[in-house]
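> Residue numbers 212 to 1047, in the working numbering, belong to the letters of the sequence shown in order.
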Amino acid sequence: MEISPMFFVLFICCLSLKFVSATTNITATKFLKDPGTLLSSNSIFKIGFFSPTNSTNRYVGIWYNIEKSVTMEIVWVANRNNPIKDSSGVLKISEDGNLQLSNGQNIIIWSSNVSHQANSSSVAQLKDTGNLVLISSVSGMITWQSFEHLTNSLLPHTRISIDKDSMKENSIQLRSWKSASDPSNGRFTSGIIPQTLPEIGTWNGDKLYWRSGPWNGNLFLGMPNLSAEASFGFRIIKNDLEDTLEVLFSVSDESLLIYFVLNSDGNVVLKNWDNDIQKWKIWGQSFTSECAFYGKCGPYGSCDPKGLPVCSCLKGFEPNRFNEWSHGNWTSGCVRRTPLQCGKNTGGKVDRFLMLKGIKVPDYAEFVLANDQDDCRRKCLDICSCLAYAYPKGIGCMIWNKSLIDLQQLSHDGSEFSHLFIRLAHSELGHHFNQFSPFLMVLCETRNLILIISVIVIMVTATFSVFGYYLWRWMCQRHDKKSSTKETKSIASRVDPVEFKDLALLKFNKLEVATNNFSNINKLGEGGFGPVYKGKLEDGQDIAVKRLSRSSGQGLQEFMTEVLVISKLQHNNLVKLLGCCVEGEEKLLVYEYMPNRSLDAVLFDPNHRKQLDWRTRFSIINGICRGLLYLHRDSRLKIIHRDLKASNIFLDEELNPKISDFGTARIFGTKQDQANTVRVVGTYGYMSPEYAMEGCFSEKSDVFSLGVLLLEIVSGRRNSSFLENESLSLLTYAWKLWNENIMLSLIDPTISYQSFQGEILKCIQLGLLCVQEFPEDRPSISALISMLDVHDITDLPRPKQPGFTLRQVNSTDESPQIGGEHCTVNHLSLTVVSGR
């Protein structure tokens, strides 16, 4: 049989390809060309060319070589800030002995950039540790290695370090990707905090974002679950001669496939490959709750993820700004109630210490020499500026001379490594005892004291409660008429009769009759500031009455804002305000009645959402967009709503949408684009990252909320309760489906979408465009309306990663409202971060 010469050519090519893919070295004569890959000696890691999700750019990276992994776990990127635009890349040893990446035009894209290389005899090798090393063939020494040039990942045997003289200039740190599709330098870095006691921190730019707590020789006090005694942990290496400090990630079981990654949202995540379930699993993360944010509760405030609200002042302290605390903004912290005496200098009572158990110790600790815990306490007591001390195992005496910040309740079992003793004036702890006789002082040491005091307190409390109740009833009846008259005059004095000429001022007793005394039967729903009732006026007109809850936090300011804003606005897609009422402590708004209630009541109810076919849903989307365009651009006032969500969209008898609830709205000047506030109000899950975290709001903040609403309308699911068992939000899930190109899985199964598939996919893409992390990437509302008319979705921009945020699972359906006096556990951990 005659064999074709072409067969030999193909055979030789196949041998060549096999040789290239099997080698572990790059030499002057062996190079790596896109799309080729190289394996480490035991095939644990692979280096090659890759493109991130939703990107055509090409990068050289290192990843775990696991065939059954559905994700490519990139642990290092060479040219992260300088991608190749096509598949012409070549990784080779240059003439000067450096490892070099170039494109098809022979332009250098990236280089190891080692100076004084003798010649091209160097060899690049990928180790089984994931370390890419450049070795001199002359000396056999490693001249460059990827472990000293980290990107966003920390593998076993790698380290982060700091040169105390040059600080960050010569430090080895992690740097996040900009987004899941862009490995260029992101906003977040992780490294060693340059303090006396070693700590690891994450920074958002120059602001500290998270800290690990100090190292005690075995673990970081703020990360008790990551112990060096486990199968993985850390080692601290100090070099006093070079004045450097290193934190080495170590493992005792080399078979573990495990690494840390700094995500683009600032969360440090520990991942490992689980052979049992054949997938990557999260073993731990820096942000397990919103309490992980640095300085969440401000100075002298403690954050407890199980608390309600999460922030509270330490004993002996009170909120610095009561108004901000009552509305869920805790960053101003707390102030001391009673000044410290520093007794020996003032002749007063000696200050005392209160022990806090299971606490993450605050920032800015100082180390002092002490023989034992009692000696540490005395040393702190002798220093008037000493505010607290701790004596953790493995560290010794720690004291604090600066404000106590970044306190977090780690556990409630009082673990021995996390006791903190805060200094208080003697009266804060001891004034109860000063008035007692010697007999009671002795009795205090017995177990019976608790029972005796409890009985006395209960009896006294019960007596005063009964007396106080009847006194209160009598005073209320006496004061009601005066209070009502005074409050009515107060509101009347604030109302401009010209501005409110078309608005009726209604009597409270008339609305009581109209709503059947605010009966539960008449209740339509519960908004952020109070319940809404159906009513019927004497002339037969149906109305909706919004009764502001006394605990809602909406005061006269928000009430007047809503009255002013709605009275000035006239649009088919905005709810119409008919009148208002203020008597005594009652504040009520009267709207036109919407027979189909709010959008959330229909959309999220399995029994009712079937009436929302796709044509109706698309009409609702268009109506909401037109209403928002009117607020932003077309009305006499430029208005930012700040709380756009499904429960604030009402449906009339023809299911036309009408935007409501303007209590949190802000009026902008005609040339004003954005504003800042320290009082963040709105609903978690709908708030844009820049508003929730920095208090910065603009039209693009409303666009973000609209994007969430679009995805909810398409999917029929709440953002705040979507796939709770997997701790995903709707945004996370939609982005995941987008990347996997299976967006049809997002569509509400009750929709018959075959005839409208293109239109639905367009709305999903528009929703993702609206919820992009950075406001400048989001479309304006006018641009969005134009995009709704686009027929070919390939003409639309490709969305970037949404502003993902941490989510704490909650059993309630409604996203928590912020801005009220009562706070709930947050589905989304968004906060104002206070830097150093």
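We put the beta carbon where it would ideally sit given N, CA and C, even for glycine.
1. Run the CB neighbour count on A994, radius 10 Å, all protein chains shown included, and call it buried at 16 or more, exposed below.
2. Below 7 Å between beta carbons: does that hold for L366 and V286?
3. When the cut-off is 7 Å and only beta carbons count, does S500 lie next to chain D?
4. Using only the alpha-carbon positions, how far apart do G351 and L621 sit?
5. Rounded to a whole number of angstroms, what is the C-alpha to C-alpha distance between S426 and T413?
6. How is the alpha helix (DSSP H) around M904 delimited, first residue to last?
7. Quick check: does the Cβ of V288 come within less than 6 Å of any heavy atom belonging to the ligand MN?
8. In the structure shown, what three-state DSSP assignment does V472 receive?
9. Could you tell me the boundaries of the alpha helix (DSSP H) in which G605 lies?
10. Am I right that L942 and C981 are in contact with their C-beta atoms under 8 Å? What's the rounded C-beta distance?
11. Does the separation of the CB atoms of S916 and Y902 fall below 7 Å?
12. Distance, Cα to Cα, T568 vs S513?
13. Under the assumption that V572 contacts L432 (Cβ atoms under 8 Å), give the Cβ distance between them as a whole number of angstroms.
14. Please determine, among R1009, P1013 and G1014, the residue with the shortest C-alpha to C-alpha distance to S266.
15. Decide if V919 is buried, meaning its Cβ has at least 16 other Cβ atoms within 10 Å, or exposed.
16. Return helix, strand or coil for Q965, following the three-state DSSP convention.
17. Return the chain-ordered list of same chain residues with a C-beta closer than 6 Å to the C-beta of L345, the five sequence neighbours on each side being excluded.
18. Name the residue from P603, A599, R929 and A812 whose alpha carbon lies nearest to the alpha carbon of W611.
19. Just to confirm, is the Cβ distance from H637 to R758 under 7 Å?
20. Look at the alpha carbon of I962 and the alpha carbon of T894, and state the distance between them as a whole number of angstroms.
21. Can you tell me whether F675 is helix, strand or coil according to DSSP?
22. Hey, quick one: how far does the alpha helix (DSSP H) through I832 stretch, first residue to last?
23. Drop a sphere of 10 angstroms on the beta-carbon of M904, count the other beta-carbons inside from all chains shown, and report buried for 16 or more, exposed for fewer.
24. What are the start and end residues of the beta strand (DSSP E) that includes D811?
25. Let me know the secondary structure DSSP gives T369 once reduced to three states.
26. If we count the other Cβ atoms within 10 Å of its Cβ and call it buried at 16 or more, is V458 buried or exposed?
27. Let me make sure I understand the geometry here. Which of W321, G315 and K279 has the alpha-carbon closest to that of N293?
28. Whole angstroms is fine: what's the gap from N936's alpha carbon to G736's?
29. Q646 by DSSP, collapsed to three states: which one?
30. Look at the alpha carbon of T827 and the alpha carbon of G397, and state the distance between them as a whole number of angstroms.
31. Between which two residues does the alpha helix (DSSP H) containing K257 stretch?
32. By the three-class DSSP mapping on this structure, what secondary structure does G918 have?
33. Is it right to say I273 is buried, meaning 16 or more other beta carbons lie within 10 angstroms of its own, or is it exposed?
34. Around the Cβ of F675, are there at least 16 other Cβ atoms within 10 angstroms (buried) or fewer (exposed)?
35. Put G736 into one of helix, strand or coil per three-state DSSP.
36. Considering Cα atoms alone, identify which of I373, I469, D476 and Y420 is closest to N450.
Inspection of the coordinates gives the following:
1. exposed
2. yes
3. Protein chain content of the structure displayed is limited to a single chain, and chain D is not contained in it.
4. 49 Å
5. The amino acid occupying residue 426 in the given sequence is Trp; Ser does not appear at that position. Whole-angstrom Cα-Cα distance: 16 Å.
6. P900 to E905
7. Among the components modelled here there is no ligand, and therefore nothing to report on the ligand MN.
8. strand
9. Looking at the DSSP string, G605 is not in any alpha helix (DSSP H), and its letter there is neither H nor E.
10. Not quite, the Cβ-Cβ distance comes to about 10 Å (not below 8 Å), so this is no contact.
11. Contact flag unset, no.
12. Residue identity differs from the one stated: residue 568 is Lys in this sequence, not Thr. Here the C-alpha atom of K568 lies approximately 12 Å from the C-alpha atom of S513.
13. 6 Å
14. R1009
15. buried
16. helix
17. L310, S323, S333, A335, T354 and W355
18. A599
19. no
20. Take the alpha-carbon of I962 and the one of T894: they are about 28 Å apart.
21. helix
22. W825 to L840
23. buried
24. Premise fails: D811 lies in the alpha helix (DSSP H), L810 to L814, not in any beta strand (DSSP E).
25. The three-state reading of DSSP puts T369 in coil, since its state is none of H, G, I, E or B.
26. Buried, since its Cβ has 16 or more Cβ neighbours within 10 Å.
27. W321
28. In this predicted model, N936 has a pLDDT of only 43, less than 50, meaning its place in the structure is not dependable; the value taken from the coordinates is given anyway. For N936 and G736, the distance between alpha carbons rounds to 27 Å.
29. Its pLDDT being 31, under 50, Q646 is placed unreliably in this model, and the coordinates cannot settle the point.
30. 41 Å
31. No alpha helix (DSSP H) contains K257, which is instead part of the beta strand (DSSP E) from F256 to F261.
32. helix
33. By the neighbour-count rule (16 or more Cβ atoms within 10 Å), I273 is buried.
34. exposed
35. strand
36. I373
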